[in-house]
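I have placed the structure first, in the form of structure tokens, so that the comments after it can refer back to it.
2 protein chains.
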Amino acid sequence: MNTNTNPPSGTRDFLANDIRKRRQVTKVIQEVYESFGFEPLETPAFENLSTLLGKYGEEGDQLLFRIMLRGEKLQEAVAQNVGRDVPAERLYADLALKYDLTVPLARVMARYAGQLPKFYKRYQIQPVWRADRPAKGRFREFMQCDVDVCGSTALTVETEVIAAVCTVLERLQFSDFSVALNHREVLRGLIEAAGIAAELEGTALVAVDKWDKIGKEGVAAELVNRGITATSATKLLDLLEVASATSDNAARLAMLRENLKRPSALKGLDDLQTILQLSAAMGTSQRLALSPNLARGLSYYTGAIFEVVVPGVSGSLGGGGRYDGLVGMFAGREIPACGFSLGLERILLLLEERGYFAESSNGLDILFTNFGDTIADTLALATRARKLGLSCDVYCESAGLKPQFNYAAGRGARFVAFFGEREKSEGKLRLKDQSTGAETSVAVDEIETALPRVVVKR
Amino acid sequence: MNTNTNPPSGTRDFLANDIRKRRQVTKVIQEVYESFGFEPLETPAFENLSTLLGKYGEEGDQLLFRIMLRGEKLQEAVAQNVGRDVPAERLYADLALKYDLTVPLARVMARYAGQLPKFYKRYQIQPVWRADRPAKGRFREFMQCDVDVCGSTALTVETEVIAAVCTVLERLQFSDFSVALNHREVLRGLIEAAGIAAELEGTALVAVDKWDKIGKEGVAAELVNRGITATSATKLLDLLEVASATSDNAARLAMLRENLKRPSALKGLDDLQTILQLSAAMGTSQRLALSPNLARGLSYYTGAIFEVVVPGVSGSLGGGGRYDGLVGMFAGREIPACGFSLGLERILLLLEERGYFAESSNGLDILFTNFGDTIADTLALATRARKLGLSCDVYCESAGLKPQFNYAAGRGARFVAFFGEREKSEGKLRLKDQSTGAETSVAVDEIETALPRVVVKR
Chain A
19 MNTNTNPPSG TRDFLANDIR KRRQVTKVIQ EVYESFGFEP LETPAFENLS TLLGKYGEEG
79 DQLLFRIMLR GEKLQEAVAQ NVGRDVPAER LYADLALKYD LTVPLARVMA RYAGQLPKFY
139 KRYQIQPVWR ADRPAKGRFR EFMQCDVDVC GSTALTVETE VIAAVCTVLE RLQFSDFSVA
199 LNHREVLRGL IEAAGIAAEL EGTALVAVDK WDKIGKEGVA AELVNRGITA TSATKLLDLL
259 EVASATSDNA ARLAMLRENL KRPSALKGLD DLQTILQLSA AMGTSQRLAL SPNLARGLSY
319 YTGAIFEVVV PGVSGSLGGG GRYDGLVGMF AGREIPACGF SLGLERILLL LEERGYFAES
379 SNGLDILFTN FGDTIADTLA LATRARKLGL SCDVYCESAG LKPQFNYAAG RGARFVAFFG
439 EREKSEGKLR LKDQSTGAET SVAVDEIETA LPRVVVKR
Chain B
19 MNTNTNPPSG TRDFLANDIR KRRQVTKVIQ EVYESFGFEP LETPAFENLS TLLGKYGEEG
79 DQLLFRIMLR GEKLQEAVAQ NVGRDVPAER LYADLALKYD LTVPLARVMA RYAGQLPKFY
139 KRYQIQPVWR ADRPAKGRFR EFMQCDVDVC GSTALTVETE VIAAVCTVLE RLQFSDFSVA
199 LNHREVLRGL IEAAGIAAEL EGTALVAVDK WDKIGKEGVA AELVNRGITA TSATKLLDLL
259 EVASATSDNA ARLAMLRENL KRPSALKGLD DLQTILQLSA AMGTSQRLAL SPNLARGLSY
319 YTGAIFEVVV PGVSGSLGGG GRYDGLVGMF AGREIPACGF SLGLERILLL LEERGYFAES
379 SNGLDILFTN FGDTIADTLA LATRARKLGL SCDVYCESAG LKPQFNYAAG RGARFVAFFG
439 EREKSEGKLR LKDQSTGAET SVAVDEIETA LPRVVVKR
């Protein structure tokens with residue numbers, strides 16, 4: 019007999035109350051994304067290993083959960099490796115659990131090119147797996163929640179994706195969030211304006227990305243550590259900060275424009291201006307905060323970048339941006355794309371802290387008690403109540419009142435129903451409201467009309 | 019660049035239309051199971067390998083997708099195995115994708131014993147993975163859909179589980195199904211009555227289980243092949259068939275009672291009689307067909323067994339029964355249990371064939387066209403329409419009418435909306451009904467009241 023009955027390290031079992039909360043949130047996300055015209059997509063839990071390898075850098079490759087070859091194929095691979103000692107993870111695996119939802123999207127874009135709409139607007143809410151060291155709030159199996167538009171470079175795309183995410187967060191009663199907005203070409207322009215060589219641009223971005231965590235002084239030290247002169251580091255930080263001197267996006271835009279020369283950086287500024295204008299039409303511009311020091315670590319972004327910020331909450335509830343070079347990787351042509359990924363696990367944690375899930379009931383409307391002799395009648399009554407849309411359980415076994423009431427309480431039943439010999443002879447179902455203790459009777463002949471008035475559907 | 023963009027062998031990508039159908043069906047199943055008082059459960063995609071090994075027989079073990087050790091642990095295992103040649107699948111894996119939903123349920127029953135209700139009624143709709151040879155309708159990643167009651171031997175459990183499944187199938191508009199019903203102890207009694215030795219009982223059951231596929235003559239030959247005398251084989255088949263001479267369950271019960279002597283078999287008959295009586299109270303007894311030749315291959319059943327039968331459809335849409343010895347395997351005590359598993363993939367296939375999914379629209383209510391100059395106004399109008407609960411897409415780019423109409427058709431949009439300079443100057447949104455071709459205008463000031471009358475929510 020096994021003794022370890024925990025779920026595997028970094029994974030979780032979800033019992034009824036967890037699932038209800040998770041479903042409540044994903045339902046909001048689904049509804050909002052569908053109202054914005056996004057289509058759902060689901061891909062398999064695992065991909066061919068070759069599809070995933072090399073897409074997430076060396077570190078990412080090491081975090082893949084690889085699935086072993088099976089049967090003869092494994093035996094052959096082992097036999098071929100005798101005396102050769104090729105690392106086992108290269109030779110003995112052919113599949114791996116998916117690591118994110120972007121590479122599968124890229125595969126889908128290539129595979130179904132002919133049948134997808136010209137602009138493929140898809141959302142995908144599925145688990146992904148990473149063999150990370152588990153920690154508080156960090157799991158090895160967790161939900162990702164992505165929304166992307168593939169196939170257009172138009173700035174309506176950025177605007178709509180941002181508006182969709184804002185609508186989700188507002189529907190989830192986040193009143194205090196903002197969306198930090200920047201542009202990779204603007205950042206590159208500022209890095210150039212600071213006198214940093216082009217080949218140090220990537221490493222500079224990594225340092226700037228840590229601003230939230232280590233502050234301005236920390237970034238300065240990190241820039242110098244990464245081979246950038248102290249003069250350039252100071253200049254860059256001043257440039258990044260000058261635009262933060264005002265909270266007015268138009269003023270920030272104007273300050274940035276003064277310091278930028280590169281046409282691509284000025285084009286980036288124009289893009290941001292357009293996104294802000296279109297967002298004003300959609301009622302989301304007051305959520306947007308132009309943030310020159312927002313870098314977003316991933317190297318694949320090519321245009322606008324964004325990140326959800328909640329005051330007092332460290333880290334982000336989600337982020338995204340334009341990444342025109344990635345989604346076409348399997349299609350063999352560049353497919354422009356822009357998307358937003360929400361951190362569902364963090365959102366759930368925060369909603370829990372904020373008391374969003376007030377209703378703790380597990381949804382059971384009536385527990386029907388069981389007194390043995392009248393059980394057939396009781397089952398018939400439960401059947402009629404279920405047809406009225408009520409969630410009803412019947413106590414499995416004939417028993418005394420105490421265990422039945424205990425069970426009803428444990429299941430969070432709103433009403434307990436009695437139909438023993440006495441009630442049967444009177445032709446009445448007796449009901450006890452568990453929150454008030456009040457008792458009511460409903461004539462058996464009138465269940466269909468009277469019961470919904472007593473046990474009001476939630 | 020990878021060239022193979024198919025999903026891995028035996029798995030599928032689900033695009034929007036697939037997902038809508040799958041969601042439509044799982045929603046019915048969820049609603050019905052919740053109305054019967056079942057709680058949802060979800061467990062991780064993978065379990066510790068030791069949790070799964072040895073639970074499905076040798077054949078099952080070989081069908082597990084094993085996940086390789088990672089990093090140093092893998093290196094250590096490889097180093098330790100030099101010159102020892104322990105099979106790689108034993109040494110190099112620590113996790114495996116779940117093979118079914120029953121073993122995870124057993125683990126959950128042990129892990130959360132203190133916090134689960136006395137009778138744990140749970141449903142679970144999740145994918146499982148089996149490294150089977152893929153074939154038409156057989157996948158390596160497929161949904162299982164289980165409903166089980168743990169903790170009671172009462173026959174209300176069998177009755178409720180059967181009624182829940184019948185309600186699901188009726189809600190899915192299956193009018194022609196029946197549920198074959200038998201009892202393991204009745205079968206054992208018949209095998210004994212045929213003069214077959216107790217040690218051949220298991221192998222006899224395997225042969226009887228093939229009745230549907232190979233017919234009576236086939237089973238006879240198989241019984242003899244399995245070491246049962248021709249006399250006993252003939253007697254058993256006659257016993258199994260005599261009770262099929264009538265379609266009346268009560269008459270079948272009476273015939274069986276004449277041929278059975280073992281107390282446990284007679285108790286099994288009593289159980290079946292009670293299930294039929296209680297099912298009559300729930301309105302499901304007319305679906306039940308007492309079927310003495312129903313065996314259900316799995317050896318773990320201990321009481322009543324059932325299987326959904328649809329005329330003209332080979333194989334079953336689902337099955338189940340009582341299995342009192344299994345769910346307690348990790349808890350170290352016997353936990354009685356009874357459940358029903360629906361074959362979601364088969365159900366979907368059959369519903370598709372039967373035209374259940376009449377509505378093929380992908381749910382897009384309005385495509386807003388894009389004429390460049392008025393795009394900010396168009397986005398504002400789309401935002402207002404979305405707030406009315408309508409699913410709206412805005413064509414990403416400024417373009418001529420033709421590509422926009424093509425896109426609208428490809429997305430299955432019900433209406434195409436126009437807001438160019440002319441409409442703007444008139445203060446009217448123009449709408450074209452894609453099914454009738456009819457055009458309507460709605461004053462911009464009256465969107466909130468007038469639009470829902472034109473584009474009626476589905």
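Protein chains in written order, with my numbering: chain A, 19 to 476; chain B, 19 to 476. All residues carry an ideal CB built from backbone N, CA and C; glycine is no exception.
**Prompt:** What are the residues that DSSP puts in a beta bridge with D451(A)?
**Reply:** By one-based count along the first sequence, residue 451(A) stands at place 433. Looking at the DSSP assignment, D451(A) forms a beta bridge with F433(A).
Exercise. Let me know the secondary structure DSSP gives F389(B) once reduced to three states.
Key: Here residue 389(B) refers to the residue found at position 371 when the second sequence is read from its first residue. Taken through DSSP and simplified to helix, strand or coil, F389(B) comes out as coil.
Cβ-Cβ separation, T302(A) to A181(A) (assumed contact under 8 Å), whole Å: Translated into the one-based positions of the first sequence, residue 181(A) becomes position 163. Translated into the one-based positions of the first sequence, residue 302(A) becomes position 284. Rounded, the Cβ-Cβ distance is 5 Å, consistent with contact.
Could you name the residues of the same chain whose beta carbon sits closer than 7 Å to that of I246(B), not counting the 5 residues immediately before and after it, in chain order?
-> The sequence position of residue 246(B) within the second sequence is 228, counting from 1. Cβ within range, chain order: I214, L218, A222.
List the residues of chain B that F83(A) touches, going by C-beta distances under 7 Å, in chain order.
The residue labelled residue 83(A) in the question sits at position 65 within the first sequence. Here the neighbours are I85.
- Message: Tell me the DSSP secondary structure of K442(B) in three-state form.
- Response: As a position in the second sequence, residue 442(B) is number 424, starting the count at 1. In the displayed model, K442(B) falls within a helix according to three-state DSSP.
### Secondary structure of E276(B), DSSP reduced to three states
Translated into the one-based positions of the second sequence, residue 276(B) becomes position 258. Looking at E276(B) - three-state DSSP - the assignment turns out to be helix.
Decide if Q162(B) is buried, meaning its Cβ has at least 16 other Cβ atoms within 10 Å, or exposed.
By one-based count along the second sequence, residue 162(B) stands at place 144. The residue in question, Q162(B), is buried, as its Cβ has 16 or more Cβ neighbours within 10 Å.
| V183(B) to E76(B) span [Cα, whole Å] | For the purposes of this step, residue 183(B) is identified with residue 165 of the second sequence, where counting begins at 1. For the purposes of this step, residue 76(B) is identified with residue 58 of the second sequence, where counting begins at 1. If I take the Cα positions, the gap works out to 31 Å.
In angstroms, rounded to a whole number, what distance separates the CA positions of T29(A) and E176(A)?
Against the first sequence, residue 29(A) aligns to sequence position 11. Against the first sequence, residue 176(A) aligns to sequence position 158. Their backbone Cα atoms lie some 34 Å apart in a straight line.
Self-check item: Own chain partners of A426(B) with C-beta closer than 7 Å, once the 5 adjacent residues on each side are dropped
Solution: Translated into positions along the second sequence, residue 426(B) becomes position 408. Non-local C-beta neighbours of A426(B) in its own chain, meaning closer than 7 Å and more than five positions away in sequence, comprise L385, V434, Q452, ordered along the chain.
Rounded to whole angstroms, what is the Cα-Cα separation between T467(A) and G430(B)? By one-based count along the first sequence, residue 467(A) stands at place 449. By one-based count along the second sequence, residue 430(B) stands at place 412. If I take the Cα positions, the gap works out to 41 Å.
Inter-stretch contact at 8 Å, needing at least 3 Cβ pairs: the stretch 231-240 of chain B / the stretch 368-376 of chain B: no
Classification of E65(B) by the beta-carbon crowding that lies within 10 angstroms, buried from 16 upward: Here residue 65(B) refers to the residue found at position 47 when the second sequence is read from its first residue. Here E65(B) is buried: its Cβ has 16 or more other Cβ atoms, across all protein chains shown, within 10 Å.
*What residues in the stretch 220-252 of chain A have a beta carbon less than 8 Å from any beta carbon of chain B?*
Against chain B - using a Cβ distance shorter than 8 Å - the stretch 220-252 of chain A contributes no residues.
If we call anything under 7 Å between Cβ atoms a contact, is V146(B) one with D112(B)? Walking along the second sequence from the start, residue 146(B) turns up at place 128. Walking along the second sequence from the start, residue 112(B) turns up at place 94. For V146(B) and D112(B), no; Cβs fall outside 7 Å.
Residues bridged to S359(B) [DSSP beta-bridge criterion]: Stepping through the second sequence from its first residue, residue 359(B) is reached at position 341. For S359(B), which the question treats as bridged, DSSP gives the partners D164(B), G337(B).
- Query: Which first and last residues belong to the alpha helix (DSSP H) in which A283(B) is found?
  - Reply: Numbered from its first residue, the second sequence carries residue 283(B) at position 265. Segment 281-300, the alpha helix (DSSP H) holding A283(B).
On the DSSP letters alone, give me the boundaries of the alpha helix (DSSP H) that Q422(A) sits inside. Along the first sequence, one-based indexing puts residue 422(A) at 404. First-last of the alpha helix (DSSP H) with Q422(A): 419-428.
Next item on the list: Note down, in chain order, every chain A residue with its Cβ under 7 Å from the Cβ of N22(B).
Entry: Here the question's residue 22(B) lines up with position 4 in the second sequence. Ordered by position in chain A, the residues that pass the 7 Å Cβ test against N22(B) are N66.
8 Å Cβ cut-off: residues of chain B touching S53(A): The residue given as residue 53(A) occupies position 35 in the first sequence. Result: R404, G407, L408, S409, C410.
Worksheet entry | Own chain, CB closer than 7 Å to A349(A), minus 5 neighbours either side, in chain order | Sequence index remark: in the first sequence, residue 349(A) carries index 331 (1-based). Residues M127, A128, A131 of the same chain have their beta carbon placed closer than 7 Å to that of A349(A), with the five preceding and five following residues left out of the count.
Would you say T174(A) faces chain B, with C-beta separation under 7 Å as the test?
As a first step, residue 174(A) is located in the first sequence; it is residue number 156 there, counting from the start. Cβ-Cβ to chain B under 7 Å: yes for T174(A).
(message) Nearest by alpha-carbon distance to R340(A): which of D288(A), E52(A), T171(A) is it?
(response) The residue you call residue 340(A) lines up with position 322 of the first sequence. The residue with the shortest Cα to Cα distance from R340(A) is T171(A).
Starting from K139(A), trace the beta strand (DSSP E) both ways and give me its first and last residue.
As a first step, residue 139(A) must be located in the first sequence, where it is residue number 121. Segment 138-147, the beta strand (DSSP E) holding K139(A).
Quick one: using the 10 Å Cβ neighbour count with 16 as the cut-off for buried, is E528(B) buried or exposed?
The structure shown does not extend to residue 528(B), since chain B is modelled only from 19 through 476, so no value can be given for it.
Residue range of the alpha helix (DSSP H) that T458(B) falls in?
Here residue 458(B) corresponds to residue number 440 of the second sequence, with the count starting at 1. Run containing T458(B): none in the alpha helix (DSSP H); it sits in the beta strand (DSSP E), 457-461.
### Task
Counting only the same chain and skipping the five closest in sequence on each side, list residues whose C-beta sits under 7 Å from that of D395(B).
Here the question's residue 395(B) lines up with position 377 in the second sequence. Contacts found: F437, K442.
Exercise. How is S416(A) classed by DSSP in three states: helix, strand or coil?
Worked result: Start at 1 with the first residue of the first sequence, and residue 416(A) comes out as number 398. S416(A) falls in the coil class under three-state DSSP.
query: Is the Cβ of C414(A) closer than 7 Å to any Cβ of chain B?
result: If you number the first sequence from 1, residue 414(A) lands on position 396. For C414(A), the answer is yes, since a Cβ of chain B falls inside 7 Å of its Cβ.
Decide if N424(B) is buried, meaning its Cβ has at least 16 other Cβ atoms within 10 Å, or exposed. Within the second sequence, numbered from 1, the residue matching residue 424(B) stands at position 406. Label assigned to N424(B): exposed.
- Message: Please report the straight-line C-alpha distance between G78(A) and G407(A), rounded to a whole angstrom.
- Response: Translated into positions along the first sequence, residue 78(A) becomes position 60. Translated into positions along the first sequence, residue 407(A) becomes position 389. Approximately 48 Å between the Cα atoms of the pair.
Exercise. Could you give the DSSP three-state label for N311(B): helix, strand or coil?
Key: Taking the second sequence and counting its residues from 1, the one referred to as residue 311(B) is at position 293. In this structure, N311(B) counts as coil in the three-state DSSP scheme.
| To the nearest angstrom, how far is it from the Cα of A106(A) to the Cα of D36(B)? | Looking up residue 106(A) in the first sequence gives position 88. Looking up residue 36(B) in the second sequence gives position 18. When the Cα atoms are used, A106(A) and D36(B) turn out to be separated by approximately 38 Å.
> CB-CB under 6 Å to L208(B), same chain, minus the five flanking residues each way: which ones, in chain order?
Replying inline: Start at 1 with the first residue of the second sequence, and residue 208(B) comes out as number 190. Answer for L208(B): L257, listed in chain order.
Discussion item. Between the alpha carbons of L114(A) and M86(A), how many angstroms are there, rounded?
Written reply: Walking along the first sequence from the start, residue 114(A) turns up at place 96. Walking along the first sequence from the start, residue 86(A) turns up at place 68. It should be noted that the sequence gives Ala, not Leu, for residue 114(A). One C-alpha to the other measures close to 9 Å.
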